[in-house]
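Enquirer: With UniProt numbering, the residue at position 145 of the sequence shown is 145, and numbering never jumps.
In this text, a Cβ means the ideal position worked out from N, Cα and C, and glycines have one as well.
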Amino acid sequence: MNIAMTPTMKAIRFPTYGGPEVLQYEDVPRPIAGPGEVLVRIHAAGINPGDKNIRAGIANKQFGLTIPFPFIPGNDLSGEIAAVGPEVTAFQVGDLVYGLTMNGATYAEYATAQASQLAHKPPFMDHIQAAGVPLAALTAWQALFDHGHLEARQVVLINGASGGVGHFAVQFAKRKGARVIGVASGRNEAFLRELGVDQFIDYTATPVEKAAQNVDLVFDAVGGKHGNRLLQVLKRGGALVPIFWGEYSVEQAAAASVTIQDIAWVQPNAAQLDEIGRLIGLEHVHIHIETVLPLAEARKAHELIEGGQIRGKVVLRVAE
Ligand SMILES: NC(=O)c1ccc[n+]([C@@H]2O[C@H](COP(=O)([O-])OP(=O)(O)OC[C@H]3O[C@@H](n4cnc5c(N)ncnc54)[C@H](OP(=O)(O)O)[C@@H]3O)[C@@H](O)[C@H]2O)c1
Numbered sequence: 001m002n003i004a005m006t007p008t009m010k011a012i013r014f015p016t017y018g019g020p021e022v023l024q025y026e027d028v029p030r031p032i033a034g035p036g037e038v039l040v041r042i043h044a045a046g047i048n049p050g051d052k053n054i055r056a057g058i059a060n061k062q063f064g065l066t067i068p069f070p071f072i073p074g075n076d077l078s079g080e081i082a083a084v085g086p087e088v089t090a091f092q093v094g095d096l097v098y099g100l101t102m103n104g105a106t107y108a109e110y111a112t113a114q115a116s117q118l119a120h121k122p123p124f125m126d127h128i129q130a131a132g133v134p135l136a137a138l139t140a141w142q143a144l145f146d147h148g149h150l151e152a153r154q155v156v157l158i159n160g161a162s163g164g165v166g167h168f169a170v171q172f173a174k175r176k177g178a179r180v181i182g183v184a185s186g187r188n189e190a191f192l193r194e195l196g197v198d199q200f201i202d203y204t205a206t207p208v209e210k211a212a213q214n215v216d217l218v219f220d221a222v223g224g225k226h227g228n229r230l231l232q233v234l235k236r237g238g239a240l241v242p243i244f245w246g247e248y249s250v251e252q253a254a255a256a257s258v259t260i261q262d263i264a265w266v267q268p269n270a271a272q273l274d275e276i277g278r279l280i281g282l283e284h285v286h287i288h289i290e291t292v293l294p295l296a297e298a299r300k301a302h303e304l305i306e307g308g309q310i311r312g313k314v315v316l317r318v319a320e
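(1) Assign residue 154 to one of three DSSP states: helix, strand, or coil.
(2) So residue 27 packs on residue 10, CB below 8 Å; how close in whole Å?
(3) Would you kindly work out how many angstroms separate the C-alpha atoms of residue 76 and residue 153, rounded to a whole number?
(4) Runs of 4 residues minimum, wholly inside the segment 239 to 288: which ones carry the alpha helix (DSSP H) assignment?
(5) May I ask you to verify whether the segment 225 to 245 touches the segment 94 to 113, counting CB pairs closer than 8 Å and requiring at least 3?
(6) Please identify the residue among 172, 163 and 225 whose C-alpha is closest to the C-alpha of residue 49.
(7) I'd like to confirm something about residue 310: is its beta-carbon nearer than 7 Å to some heavy atom of ligand 1, or not?
(8) Below 8 Å between beta carbons: does that hold for residue 264 and residue 131?
(9) Please report the distance separating the alpha-carbon of residue 219 from that of residue 67.
(10) Since residue 29 is in the beta strand (DSSP E), which residue starts that stretch and which ends it?
(11) Hey, residue 183 and residue 159 are a contact pair by Cβ (cut 8 Å); roughly how many whole angstroms apart?
(12) What separation, rounded to the nearest whole angstrom, lies between the Cα atoms of residue 140 and residue 168?
(13) Pick out the complete alpha helix (DSSP H) segments inside the segment 156 to 224, 4 residues or longer, and give them in chain order.
(14) So, with DSSP's three-state summary, where would you put residue 46?
(15) Secondary structure at residue 121, three-state DSSP: helix, strand or coil?
(16) Taking 7 Å as the line, does the beta carbon of residue 20 fall inside it for any heavy atom of ligand 1?
(17) In whole angstroms, give me the CA-to-CA distance for residue 1 and residue 40.
(18) In angstroms with no decimal places, state the Cα-to-Cα distance between residue 85 and residue 157.
(19) My output table needs one value for residue 12: the three-state DSSP class, helix, strand or coil.
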């Protein structure tokens with residue numbers, strides 16, 4: 001029997017908010033592609049801190065996000081088209097694809113996705129690498145260029161430079177011709193210098209505001225209670241683009257003639273993913289995969305990302 005025809009599949013679900021222990025590996029109904037959608041047989045699924053924030057109820061408390069239980073997490077996938085829904089012309093069964101799907105539920109053997117949110121997986125990336133790209137790389141791209149309007153020869157400070165989003169942001173900003181200041185803990189200095197940062201700041205040893213100044217754009221991938229300190233490094237007319245909740249004083253920003261933008265929430269964008277894939281193919285951009293775990297061990301993956309000290313990406317292997 002064609003595996004794509006079985007009515008059930010393995011997936012990770014959680015029945016309630018909680019710690020990594022609420023994640024369960026279960027048999028669940030296989031989804032069906034609706035109009036404009038494809039069904040993807042997933043080979044690998046990327047893990048993102050947002051998955052943990054949803055699981056722990058943080059996204060619910062902080063942003064009012066509600067989810068139906070039991071809930072299958074995940075938005076990043078790389079795999080093969082198993083079926084196409086009505087009105088889909090861009091893909092055929094058997095095509096290899098990757099992307100950020102707003103349908104979610106990618107911690108599973110199959111997931112549906114809007115065809116328009118997927119891109120063809122380039123042959124030079126395997127599924128593990130490809131699953132690590134979409135959400136993090138698109139966040140970096142959109143925050144730097146769509147929201148931050150970064151230009152060549154500007155100075156950008158990337159806070160959280162060694163993480164999933166940050167390590168892409170460093171490379172995209174360098175590629176653009178910007179001067180890049182990367183902020184992370186000392187253990188990531190060599191990694192970030194290799195990715196091209198012009199200046200490295202170890203936040204555990206030096207306050208960022210003492211080590212940088214005259215910055216055009218701050219890309220804050222950390223947020224939290226110390227957000228305000230980052231305002232001090234901006235030059236007049238500079239801007240801070242956050243990608244998560246942080247405490248930033250509007251009064252302090254106004255006094256310094258700098259701007260605090262709204263949180264740059266990532267959006268699926270197949271054209272941008274094609275461009276990012278092209279840069280990876282040209283070896284202008286490298287994906288760092290820190291850990292690969294089987295789907296059944298998603299709980300362990302969430303334990304790993306809990307502390308926010310990941311270098312690059314964590315990916316779930318779903319199929320060989
Ligand atoms: N807006 C959106 O659409 C969107 C999309 C993706 C992610 N996000 C959010 O953005 C944040 C980053 O995501 P991610 O995937 O890059 O996370 P990640 O992979 O967990 O990376 C976090 C990185 O931040 C560094 N870090 C931790 N504390 C720091 C501090 N106080 N100062 C400077 N660097 C610090 C860590 O380096 P060390 O180990 O060296 O400390 C680590 O490499 C998360 O909060 C996530 O929820 C938002």
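Expert: So, from the data block:
(1) Coil.
(2) Confirmed, Cβ separation roughly 6 Å.
(3) About 32 Å.
(4) With a minimum length of 4 residues, the continuous alpha helix (DSSP H) runs that stay inside the segment 239 to 288 are 250 to 255 and 270 to 281.
(5) These segments do not touch.
(6) Nearest neighbour of residue 49 by Cα position, chosen from 172, 163 and 225, turns out to be 163.
(7) Distances taken from the Cβ of residue 310 to the heavy atoms of ligand 1 include one shorter than 7 Å.
(8) Going by beta carbons, residue 264 and residue 131 fall outside the 8 Å limit.
(9) Those two C-alpha atoms are separated by around 29 Å.
(10) Counting along the chain, the beta strand (DSSP E) containing residue 29 begins and ends at 24 to 29.
(11) Contact holds; Cβ gap of about 5 Å.
(12) Just so you know, the alpha carbons of residue 140 and residue 168 end up roughly 6 Å apart.
(13) Listed in chain order, they are 164 to 176, 189 to 195 and 208 to 211.
(14) The DSSP-derived three-state label of residue 46 is strand.
(15) Three-state result, residue 121: coil.
(16) Incorrect: residue 20 has no Cβ contact closer than 7 Å to ligand 1.
(17) Because the pLDDT at residue 1 is just 34, under 50, the model does not fix this residue reliably, and the value given afterwards should be weighed accordingly. Each residue's alpha carbon lies about 18 Å from the other.
(18) In a straight line, the C-alpha of residue 85 is about 44 Å away from that of residue 157.
(19) Shown here, residue 12 sits in a strand according to DSSP, grouped into three states.
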